[in-house]
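See structure below.
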Amino acid sequence: MEKNKITYLKEKNIKKTAEKNYENLLNSGYAQNPIAAKLLAFQKTKKEINSKDLLK
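Throughout the sequence shown, residue numbering follows the numbering used here, covering 49 to 104 in sequence.
As structure tokens, this is what we get:
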């Protein structure tokens with residue numbers, strides 16, 4: 049069971065990418081509502097990452 053355990057996620061890199069996408073959406077004025085901007089940033093970040101980004 050210990051062998052198959054995920055040991056490290058590149059959480060900080062993904063978080064930085066999501067925050068960057070969020071800031072870009074807010075600065076461009078594409079989404080006026082901050083909650084909608086966060087959802088759009090999440091969708092964009094989700095499309096950009098793949099399994100290699102998640103695992104060490």
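Built from N, CA and C at the ideal position, the CB exists for glycine as well. The structure displayed is predicted, hence computed values, not measured ones.
Simplified DSSP assignment, three categories, for residue i
i, result
"GLN80", "coil"
"ILE97", "coil"
Residues of its chain near residue i, where Cβ-Cβ distance is below 8 angstroms and the 5 sequence neighbours each way are ignored
i, result
"THR93", "ILE62, THR65, ALA66 and ASN69"
Spatial neighbours of residue i in its chain, beta-carbon cut-off 6 angstroms, leaving aside the 5 residues before and after
i, result
"LEU74", "ALA85"
Cβ shell of residue i (< 7 angstroms), same chain only, five flanking positions each side left out
i, result
"ALA79", "LEU73, ALA85 and LEU88"
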